[in-house]
Amino acid sequence: MTLAICCRGLCKRYDGKVNAVNGLDLEVQVGECFGLLGPNGAGKTTIIEILEGLLEPTQGEVEILGRRWGQDDLELREWLGISLQETRLPEKLTVREVLALFRSFYQKGRDPKEVIRQVELSEKESTWVNKLSGGQRQRLAVACALVGSPKVLFLDEPTTGLDPQSRRQLWDLIREFKQQGGTILLTTHYMDEAERLCDRVAIVDRGKVIAIGSPAAMIATLGGEHVVEFGLDVTIGQTLKAGRLAELASVTSVRSEADGFSLHVQEPHLAIPALISYLHEMGVSLARLTTRHASLEDVFVKLTGRHLREE
Amino acid sequence: MKNNPLWELTLCRFREFAREPEVIFWVFGFPVLLAVGLGIAFRDRPPEKIFVAVAAHPQAPSVVERLKRVQTLSAEIQDPQRAASSLRLGKVALVVVPGNSYEYRYDPTRPDSLLARSIVDAALQNAAGRKNPVNTVEKAITEPGARYIDFLIPGLLGMNLMGGGMWGIGFVIVDMRIKKLLKRMIATPMRKADFMLAMIMSRLTFMVAEVVLLLLVGRFVFGMIIQGSVASIVTVAFFGSMCFTGMGLLVASRAQKIETVSGLMNLVMLPMYVVSGVFFSSERFPKVFQPFIQALPLTALNDALRSVILEGARLSTQVPHLATLILWGTLSFLLALRWFRWN
Numbered sequence: 004m005t006l007a008i009c010c011r012g013l014c015k016r017y018d019g020k021v022n023a024v025n026g027l028d029l030e031v032q033v034g035e036c037f038g039l040l041g042p043n044g045a046g047k048t049t050i051i052e053i054l055e056g057l058l059e060p061t062q063g064e065v066e067i068l069g070r071r072w073g074q075d076d077l078e079l080r081e082w083l084g085i086s087l088q089e090t091r092l093p094e095k096l097t098v099r100e101v102l103a104l105f106r107s108f109y110q111k112g113r114d115p116k117e118v119i120r121q122v123e124l125s126e127k128e129s130t131w132v133n134k135l136s137g138g139q140r141q142r143l144a145v146a147c148a149l150v151g152s153p154k155v156l157f158l159d160e161p162t163t164g165l166d167p168q169s170r171r172q173l174w175d176l177i178r179e180f181k182q183q184g185g186t187i188l189l190t191t192h193y194m195d196e197a198e199r200l201c202d203r204v205a206i207v208d209r210g211k212v213i214a215i216g217s218p219a220a221m222i223a224t225l226g227g228e229h230v231v232e233f234g235l236d237v238t239i240g241q242t243l244k245a246g247r248l249a250e251l252a253s254v255t256s257v258r259s260e261a262d263g264f265s266l267h268v269q270e271p272h273l274a275i276p277a278l279i280s281y282l283h284e285m286g287v288s289l290a291r292l293t294t295r296h297a298s299l300e301d302v303f304v305k306l307t308g309r310h311l312r313e314e
Numbered sequence: 550m551k552n553n554p555l556w557e558l559t560l561c562r563f564r565e566f567a568r569e570p571e572v573i574f575w576v577f578g579f580p581v582l583l584a585v586g587l588g589i590a591f592r593d594r595p596p597e598k599i600f601v602a603v604a605a606h607p608q609a610p611s612v613v614e615r616l617k618r619v620q621t622l623s624a625e626i627q628d629p630q631r632a633a634s635s636l637r638l639g640k641v642a643l644v645v646v647p648g649n650s651y652e653y654r655y656d657p658t659r660p661d662s663l664l665a666r667s668i669v670d671a672a673l674q675n676a677a678g679r680k681n682p683v684n685t686v687e688k689a690i691t692e693p694g695a696r697y698i699d700f701l702i703p704g705l706l707g708m709n710l711m712g713g714g715m716w717g718i719g720f721v722i723v724d725m726r727i728k729k730l731l732k733r734m735i736a737t738p739m740r741k742a743d744f745m746l747a748m749i750m751s752r753l754t755f756m757v758a759e760v761v762l763l764l765l766v767g768r769f770v771f772g773m774i775i776q777g778s779v780a781s782i783v784t785v786a787f788f789g790s791m792c793f794t795g796m797g798l799l800v801a802s803r804a805q806k807i808e809t810v811s812g813l814m815n816l817v818m819l820p821m822y823v824v825s826g827v828f829f830s831s832e833r834f835p836k837v838f839q840p841f842i843q844a845l846p847l848t849a850l851n852d853a854l855r856s857v858i859l860e861g862a863r864l865s866t867q868v869p870h871l872a873t874l875i876l877w878g879t880l881s882f883l884l885a886l887r888w889f890r891w892n
C-alpha cells in the first residue's frame, strides 16, 4: 500500500546557518493522524513546508501518495489541503467570497456552503474576514484547506493562540476529516493536543526526530504512567539523595527539579506512603505533593532534559 | 463563469478595491481635484492693467485723458516727488512728465516699463496726429487647446496611469506577500498565469475608468476640446498602463516590506513626475538631458497622449512613443517573472 507521506534523509540548511532539519525519516500511513511535536524553533515548520512542496530540501527525498515534488506538482496540489502557520486572508472579502475563490482553484472540490456549515461559520457567511475572531479565522483557514476535498491535510500549528473552546472546535474538525478516511499531518507544541488527536507522534528537537510512536507507547517507555512531584520546606531537600528515592517502592525514575523532585511511578498508592515514611525518617516535611498522569511533556523532558515550553 | 479561477481572482481584486475608500480617492478623486485646483489657479484672466503716473503740470489732465482711452493703461496725476517714489517702488511702470516735449522716466530693465513706454508713446503720438504708414489688423487668439488646462489634463492622465500601475500592482503584491497570501495561493493548484492575468485585467478595467473620468472633467468642467477618437486615446492609455503594470510587478517582485517597495516606487516615479512633462513641458530641460528624458516611459506616454488628445494625431504617428512603452513594459515583465518571489 502506498504511504501517504514518506521522506528519507531530509536535510535543510539555510545559507550560513545551522541545519534546520538534519537527516529526517518519516512514514505516515494513509488514514493516519500524525503529529510533529516539539518546542518553538525545533524545525517543525521547515519540515512541514518541505513536505508541502513549498520549500526545497537541501538533501533527501519526499514522496506524497507515491508522487514527487518537481514531477507531479499539479496533481499533488489537487490532493493536498494546507493551512500555513500564519496566513492573513484578504481582510475585506467575506467568508463566502474567500471560500469561493479557493474553491475555484481546484478541479474537484466541495460546495463552499457545505464547508462553511461544517466549520460552523454559516452565521458569518457574509462577514468580512477582518471582523472575525481568531478562532473563526483559523476555522476559515482550515475551511480553505478542506474546500478542495483533499486526501492529505497539512496543518501547521492550527490551534496556537486560540482559546480552549476554539481549540476543541478545531479538534472536532480534524477528527471528522480523519473519520472520513483522510490523512493528517499537523505540527503543535501542545502535548495535550498531540496526545488527544494523533495516532502517532514524532518528537522533534533541533531538526531531528528524537522519538516516534503512539502517545501511549511513548509514555509507557517512561516506565511509570504516573508522576509524583513534591517540594520540601527550606533547603533541607539538599540532603535527600536521588539514589535513595529511586529505591522507594514502585518508583522507576527520579528527576531533581529546581524546586523539588519529580518521580515516575507505576503505582502511586504504593509509592506515596513509602515516600512519606522516608521523609519522616529524614525529619523533613512536605511543602507540596501532586500526582498526575505522565504526558508527552515528560517524554520530552526525559529525552532532552528541557521542558517543551522553555527556550 | 462561476468557479473559474481567473474570473474569481479578478472579481476579488474588484471587491477589495471597491471596499477601500481611500484607495478609490487616490485613484479617482485625487487627479480630478488636482485638475480642478490647477485649472482654477492657471485659468485665463484678462491682462492686468499697466499703471502709469503723470507728473503734475498744467497739461497733465489732458495727457491723462488721452491715456485713459487705452484700455490696458491706468493713468493718474501725481506730484513729481510722489511719482518718483511710485516708480522706485514699482507701483507704476512709467512716469510721464508733460511739457514742450514729453519725458518718459522708467527702468529699461523692467519688461512692464518697456511695454508701458511703447504703449504710452504710441497713444500720445497718435493723439498728436501721427499717421501710420501701414494698416494693421489685430485678432485675439485664445482658443481652447492652447490653454494650460489643456496641456495639464493629458499630463495628469499619464501621471495617474503611472501611479495606478505602480501602486495598484506593486503595493497589492507586496501586501499579499507579507500576509503570506501569495504563499498560501501557490499551495493550491492555482495557475500562476491566472493570478498575473487577473492583476492585469483588473488594472486595465480601472484604467478605462480613470481615462474616461479625467476626459469628462476636462470636457465638461474646462470645455476642453478632445480632438482624437476615444479608441485611439484608450489604445495609448492601454500601452501606458501595461508598461507601468510591468514596472510595478518588477518593483514588487522581491520586496518583503512595504517600506522597501514604497522606496523603490518613489525612486522610479519621482524623477518622471518632474522631467516627463506632467505639469510643464519636458522641453524646458537642457538639451544634453533630452535623449535621456525622451527615453523615459512617462515622457513617451505624455507626449503620445497630448498628440492624440489635443491634436487628434493618428496612432500611426505615435509608433515611436508606443515602441518606447512596449520596450519598457516587456523588459519589466520578463525580469519580474524571472525574479518573482511567491514567499
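As given, the protein sequences belong to chains E and Z, one line each in that order. In this text, residue positions in the first sequence follow this note's numbering: the first is 4, and each later residue adds one. In this text, residue positions in the second sequence follow this note's numbering: the first is 550, and each later residue adds one. Each residue gets a CB set at the ideal place from its N, CA and C atoms; glycine is no exception.
For residue i, three-class secondary structure by DSSP
i	result
T61(E)	coil
E625(Z)	strand
E314(E)	With a pLDDT of 41 at E314(E), under the threshold of 50, the modelled position of this residue cannot be trusted; read the value that follows with caution. Reduced to three states, the DSSP call for E314(E) is coil.
W72(E)	coil
L158(E)	strand
R203(E)	strand
Rounded separation between residue i and residue j - CA only
i	j	result
V683(Z)	L871(Z)	50 Å
V644(Z)	P610(Z)	14 Å
C147(E)	F37(E)	20 Å
A689(Z)	R615(Z)	24 Å
I222(E)	H296(E)	9 Å
C10(E)	T130(E)	41 Å
G1(E)	K154(E)	This structure leaves residue 1(E) out entirely; chain E is present only between 4 and 314.
G210(E)	T48(E)	10 Å
F233(E)	R178(E)	37 Å
I275(E)	S217(E)	29 Å
N25(E)	T61(E)	10 Å
Same chain, Cβ closer than 8 Å to residue i, five either side skipped, listed in chain order
i	result
V824(Z)	S831, F834, F838, I842, L845, T848
R71(E)	E64, V65
Y109(E)	E81, V150, G151, S152
V302(E)	I206, A214, M221, I222, T224, L225
Close-in-space but distant-in-sequence residues of the same chain around residue i (CB under 6 Å, 5 per side omitted)
i	result
S169(E)	G138
S635(Z)	A602, V641
G767(Z)	I702, M773
Test: residue i CB closer than 8 Å to a CB of chain A
i	result
R99(E)	Annotation note: the requested chain A is absent from the structure, which comprises protein chains E and Z.
Endpoints, the alpha helix (DSSP H) within which residue i is located
i	result
D670(Z)	660 to 676
R637(Z)	629 to 637
N815(Z)	807 to 824
G797(Z)	779 to 800
D195(E)	194 to 200
S288(E)	Note, S288(E): premise wrong, no alpha helix (DSSP H); not H, not E.
A590(Z)	579 to 590
E179(E)	167 to 182
K305(E)	299 to 307
I119(E)	115 to 121
Neighbourhood of residue i by C-beta, 7 Å cutoff - its chain only, sequence neighbours within 5 removed
i	result
I718(Z)	M748, R752, T794, G797, L798, A801
K732(Z)	W891, N892
Y651(Z)	V645, L673
F771(Z)	G588, I698
P115(E)	R99, L102, A103, R106, V150
F600(Z)	S623, K640, V641, A642
E3(E)	The question about residue 3(E) has no answer here: the residues shown for chain E are numbered 4 through 314.
Q867(Z)	V785, A853, S856, V857
A245(E)	V257, S259
Start and end residues, beta strand (DSSP E) containing residue i
i	result
R258(E)	254 to 260
H267(E)	263 to 268
E30(E)	22 to 31
A844(Z)	Segment: none, A844(Z) is in no beta strand (DSSP E) and carries neither H nor E.
T130(E)	That residue, T130(E), is in no beta strand (DSSP E); it is neither H nor E in DSSP.
S86(E)	83 to 86
R16(E)	8 to 16
Proximity test, residue i beta-carbon vs the ligand NAD heavy atom, cut-off 7 Å
i	result
A665(Z)	In the structure on display, the ligand NAD does not appear, and there are no ligands present to speak of.
Query raised in the report: Which residues, taken in chain order from the region 730 to 742 of chain Z, show a beta carbon closer than 9 Å to some beta carbon of chain E?
Result: L730, K732, R733, M734, I735, A736, T737, P738, M739, R740
Report task. Check each residue of the region 561 to 580 of chain Z: if its Cβ is closer than 8 Å to any Cβ of chain E, include it; give the result in chain order. Result -> C561, R564, E565, R568, E569
Report task. Could you please tell me which residues of the region 211 to 239 of chain E, in chain order, have their CB closer than 8 Å to any CB of chain Z? Result -> Going along the region 211 to 239 of chain E in chain order, one finds no residue with a Cβ nearer than 8 Å to chain Z.
Query raised in the report: What residues in the region 101 to 113 of chain E bring their beta carbon closer than 8 Å to a beta carbon of chain Z?
Result: A103, L104, F105, R106, S107, F108, Y109, Q110
Query - Residues of the region 73 to 91 of chain E with Cβ closer than 7 Å to any Cβ of chain Z, in chain order - result: The residues in question are L77, R80, E81, I85, L87, E89, T90, R91.
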